[in-house]
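Here's the structure, in structure tokens; my notes come after.
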Amino acid sequence: MELRKSVVFGLCAVAVFGIGYAVYWDYLRQTDPDFRRKLKKNRKKALKQKKAAVEESKSKTANFIRGAVEEVAKENFPTDVGVKEQFFMEQVAKGETLFAGGESGYLDAALCFYKALKVYPNPVELIMIYQKTIPEPVFNLVYDMMSIEKKQAEYFGNFPPKEMNVRIEEIGQSSDEQIRRALISTKDFAPGDVIFIEQAIASALDPSLENGEFCSHCLKELNGADFSDESDLFGAVYCSKSCQEKAMAEYETLLFTTRDDVSSSNEAKLMELVKSGRVKYPLMIARFLAKMVHEETQKVATGIEEEYSTWDHIERLRYLAVQPYDKESNEITLLKELFKTKVPGMEEFITEERYLMLKGKLMYNAYGIHTERNMETLKENLEETMRSNQPTVIGAGFYRVASYLAHSCSPNTEARFPDKNNVLSIVATKPIKAGDELKISYIRVGDRNYSNRRGELETKWRFKCTCTRCMEEAGEVGRSA
Numbered sequence: 001m002e003l004r005k006s007v008v009f010g011l012c013a014v015a016v017f018g019i020g021y022a023v024y025w026d027y028l029r030q031t032d033p034d035f036r037r038k039l040k041k042n043r044k045k046a047l048k049q050k051k052a053a054v055e056e057s058k059s060k061t062a063n064f065i066r067g068a069v070e071e072v073a074k075e076n077f078p079t080d081v082g083v084k085e086q087f088f089m090e091q092v093a094k095g096e097t098l099f100a101g102g103e104s105g106y107l108d109a110a111l112c113f114y115k116a117l118k119v120y121p122n123p124v125e126l127i128m129i130y131q132k133t134i135p136e137p138v139f140n141l142v143y144d145m146m147s148i149e150k151k152q153a154e155y156f157g158n159f160p161p162k163e164m165n166v167r168i169e170e171i172g173q174s175s176d177e178q179i180r181r182a183l184i185s186t187k188d189f190a191p192g193d194v195i196f197i198e199q200a201i202a203s204a205l206d207p208s209l210e211n212g213e214f215c216s217h218c219l220k221e222l223n224g225a226d227f228s229d230e231s232d233l234f235g236a237v238y239c240s241k242s243c244q245e246k247a248m249a250e251y252e253t254l255l256f257t258t259r260d261d262v263s264s265s266n267e268a269k270l271m272e273l274v275k276s277g278r279v280k281y282p283l284m285i286a287r288f289l290a291k292m293v294h295e296e297t298q299k300v301a302t303g304i305e306e307e308y309s310t311w312d313h314i315e316r317l318r319y320l321a322v323q324p325y326d327k328e329s330n331e332i333t334l335l336k337e338l339f340k341t342k343v344p345g346m347e348e349f350i351t352e353e354r355y356l357m358l359k360g361k362l363m364y365n366a367y368g369i370h371t372e373r374n375m376e377t378l379k380e381n382l383e384e385t386m387r388s389n390q391p392t393v394i395g396a397g398f399y400r401v402a403s404y405l406a407h408s409c410s411p412n413t414e415a416r417f418p419d420k421n422n423v424l425s426i427v428a429t430k431p432i433k434a435g436d437e438l439k440i441s442y443i444r445v446g447d448r449n450y451s452n453r454r455g456e457l458e459t460k461w462r463f464k465c466t467c468t469r470c471m472e473e474a475g476e477v478g479r480s481a
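Going by UniProt numbering, the first residue of the sequence shown is number 1, and it counts up by one from there.
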């Protein structure tokens with residue numbers, strides 16, 4: 001009995017204390033302005049954290065879906081009827097087990113069901129079965145994967161835009177078994193005609209020229225102009241207010257402004273990597289990734305979504321296989337750490353495979369941007385391959401359409417930069433008919449013999465040139481080019 005009384009008295013005391021605290025808390029809420037401000041601030045903070053968590057979850061899901069579609073596209077599925085049936089049953093069973101374990105298994109379950117679709121004889125029928133039998137969130141993930149696949153399949157029907165006077169065609173496989181896509185003219189052109197003009201996806205000066213006589217954004221000569229931002233740790237200088245504002249909005253603010261101790265910050269480490277190592281491509285990759293973030297931010301702010309993202313444009317381009325040596329591993333770690341503090345979840349997007357692929361795409365497709373000025377002291381970084389037929393290159397640019405131009409030692413086009421910046425013009429050097437494949441020289445040809453030219457192409461781009469000129473000089477005419 002005494003124990004019961006003690007418990008009852010204890011509970012009553014707790015209740016009285018709880019009621020008293022609630023009354024006191026309500027009194028403060030109504031009468032103390034500082035308390036109200038603090039309460040409001042805490043609520044805003046909680047809402048902000050909740051929103052950030054939701055956005056991070058969405059980002060992770062989107063990255064998983066895109067990565068899954070990319071991986072499945074590379075996968076070789078069984079063709080034998082019996083093996084296909086076994087594969088189908090295994091994937092469905094695995095998917096069911098995964099979603100039965102709860103939400104944590106939904107993404108992997110969706111991937112299993114998506115793979116099963118690839119070998120089922122009637123995909124539409126299977127989709128209807130999925131809709132009735134698997135959890136709605138899992139079905140929605142499978143549907144998103146199918147939507148991305150459909151969008152990718154329709155890509156070359158919509159890109160490049162007709163006003164660029166070219167189309168892209170698949171014409172088989174190259175010697176390294178990558179799909180060979182050719183850039184085909186849709187009109188007739190005479191020598192000297194501009195076929196198309198293109199803005200760079202990303203570009204960068206040779207690091208030894210930064211903070212000097214060229215614009216860090218468009219690579220145009222400054223000619224006395226000096227626009228900069230004091231918050232920019234990189235110390236970039238621009239030729240105009242327009243270039244400064246574009247650079248700061250698209251990538252520079254994210255990459256090179258920090259509240260941390262400057263000397264030990266990831267921003268400072270990236271600057272040191274680029275400038276002391278004289279490497280453009282890690283900086284171009286960082287700018288490319290930052291522009292992707294800017295794209296997504298603009299999409300949310302304006303509600304306007306482009307049909308294809310920057311990533312959609314570059315993921316089909318050819319690339320060189322890059323090995324993950326210590327240098328690349330350090331670059332990956334640095335970018336992951338930098339983006340993790342600025343865009344939570346982005347560090348998961350920057351995988352080793354994705355970074356090495358991006359670097360390989362730059363090494364295969366980037367164009368050297370040249371100047372007419374005498375730059376005798378400028379030394380080429382031979383590790384960063386660029387397409388160029390000019391002796392003086394001040395930086396590199398990465399382009400959506402021009403990347404599809406194949407090499408020839410006797411090309412029918414050439415790259416020019418008539419505005420002396422990073423805007424590329426592809427100009428006809430020979431008569432071109434509608435339906436002709438457009439080709440460009442990746443190297444300076446001059447009077448070099450075929451052996452010398454082939455040697456450079458094999459070293460830098462890892463292919464043996466079989467253009468008509470090389471084959472004629474080598475006495476190989478008659479073999480397939």
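Even for Gly, the Cβ is constructed at its ideal location relative to N, Cα and C.
Cβ neighbours of V293 in the same chain (closer than 6 Å, five flanking residues each side left out)
The residue given as residue 293 occupies position 293 in the sequence shown. Excluding positions up to five away in sequence, the list reads V343.
Between the alpha carbons of I201 and K38, how many angstroms are there, rounded?
Within the sequence shown, residue 201 is the residue found at index 201, counting from 1. Within the sequence shown, residue 38 is the residue found at index 38, counting from 1. Approximately 45 Å between the Cα atoms of the pair.
If you compare alpha carbons, which of A100, K58, S265 and Y120 is closest to D80?
Within the sequence shown, residue 80 is the residue found at index 80, counting from 1. When only C-alpha atoms are compared, the closest one is Y120.
Could you tell me which of T302, L320 and A301 sits nearest to L362, measuring between CA atoms?
The sequence position of residue 362 within the sequence shown is 362, counting from 1. The option with the nearest alpha carbon to L362 is L320.
Would you kindly work out how many angstroms separate the C-alpha atoms of P135 and V142, rounded to a whole number?
Translated into the one-based positions of the sequence shown, residue 135 becomes position 135. Translated into the one-based positions of the sequence shown, residue 142 becomes position 142. About 11 Å.
Assumed close pair M386, G368 - CB separation to whole angstroms, cut-off 8 Å
To locate residue 386, count along the sequence shown from 1; it is residue 386. To locate residue 368, count along the sequence shown from 1; it is residue 368. Between G368 and M386 the Cβ distance is about 4 Å, and since that is below 8 Å, they are a contact.
How about I195 and V423: do their beta carbons lie closer than 8 Å?
As a working mapping, residue 195 is identified with position 195 in the sequence shown. As a working mapping, residue 423 is identified with position 423 in the sequence shown. For I195 and V423, no; Cβs fall outside 8 Å.
To the nearest angstrom, report how far apart R453 and M271 are at their CA atoms.
Locating residue 453 in the sequence shown gives position 453, where the first residue counts as 1. Locating residue 271 in the sequence shown gives position 271, where the first residue counts as 1. Looking at the two C-alpha atoms, the distance is approximately 35 Å.
Applying the 10 Å Cβ sphere with the 16-neighbour rule, what's the burial state of D229?
In the sequence shown, the residue the question calls residue 229 occupies position 229. Classification of D229: buried, given that the 10 Å Cβ count is 16 or more.
Answer yes if the region 390-399 comes into contact with the region 337-354, meaning at least three C-beta pairs across the two stretches below 8 Å, and no otherwise.
no
Given 8 Å as the limit, is there contact between the region 239-255 and the region 278-297, that is, 3 or more CB pairs closer than that?
yes
Member of Q86, F77 and L183 whose CA lies at the smallest distance from the CA of A434
Here residue 434 corresponds to residue number 434 of the sequence shown, with the count starting at 1. Closest option to A434, Cα to Cα, is L183.
Any chance you could list the beta strand (DSSP E) runs of at least 3 consecutive residues sitting entirely within the region 124-195, in chain order?
166-173 and 179-185
Could you pull out every residue in the same chain whose Cβ sits closer than 8 Å to the Cβ of D436, ignoring the five residues on either side in sequence?
As a working note, residue 436 is residue 436 in the sequence shown. Around D436: I184, S185 and N412.
Over the uninterrupted beta strand (DSSP E) stretch that includes A415, give me the two end residues.
In the sequence shown, the residue the question calls residue 415 occupies position 415. That run of the beta strand (DSSP E) goes T413 to R416.
Anticipated Cβ contact below 8 Å, I127 with I65, distance rounded
For this step, residue 127 is matched to residue 127 along the sequence shown. For this step, residue 65 is matched to residue 65 along the sequence shown. With a Cβ gap of about 16 Å, I127 and I65 do not count as contacting.
Just how far apart, CA to CA, sit residue 486 and K336?
Because the chain in this structure spans residues 1 to 481, residue 486 falls outside the shown range and cannot be described.
May I ask you to list the residues that DSSP assigns as paired with L424?
Sequence index remark: in the sequence shown, residue 424 carries index 424 (1-based). L424 pairs with E198.
What's the call for T297, buried or exposed, on a 16-neighbour Cβ count within 10 Å?
By 1-based counting over the sequence shown, the position of residue 297 is 297. Answer is exposed; the Cβ neighbour count stays below 16.
Can the beta-carbon of S408 be found closer than 8 Å to that of K439?
Counting from one through the sequence shown, the residue named residue 408 turns up at place 408. Counting from one through the sequence shown, the residue named residue 439 turns up at place 439. In contact: S408 and K439 (Cβ atoms closer than 8 Å).
Can you tell me whether P207 is buried or exposed? The criterion is at least 16 other CB atoms within 10 Å of its CB, across all chains shown.
In the sequence shown, the residue the question calls residue 207 occupies position 207. Buried, by the Cβ-count rule.
Mark I179 as exposed unless 16 or more other C-beta atoms lie within 10 angstroms of its C-beta, in which case mark it buried.
The sequence position of residue 179 within the sequence shown is 179, counting from 1. Classification for I179: exposed.
Please determine, among N374, P137 and V237, the residue with the shortest C-alpha to C-alpha distance to K58.
Translated into positions along the sequence shown, residue 58 becomes position 58. Nearest option by C-alpha distance: P137.
Taking 8 Å as the cut-off, does the region 107-122 touch the region 75-95 (at least 3 CB pairs, one atom from each stretch)?
yes
Is I350 helix, strand or coil by DSSP?
Position 350 of the sequence shown, counted from the start, is the residue given in the question as residue 350. I350 falls in the coil class under three-state DSSP.
How long is the line joining the alpha carbons of K464 and V445, rounded to whole angstroms?
Residue 464 sits at position 464 when you count from the first residue of the sequence shown. Residue 445 sits at position 445 when you count from the first residue of the sequence shown. Using only the alpha carbons, I get a separation of about 15 Å.
Taking its Cβ as the centre, do 16 or more other Cβ atoms sit within 10 Å of E476, making it buried, or is it exposed?
Taking the first residue of the sequence shown as position 1, residue 476 is located at position 476. With fewer than 16 Cβ atoms within 10 Å of its Cβ, E476 is classed as exposed.
Cβ pair count under 8 Å reaching 3, the region 223-243 against the region 316-333:
no
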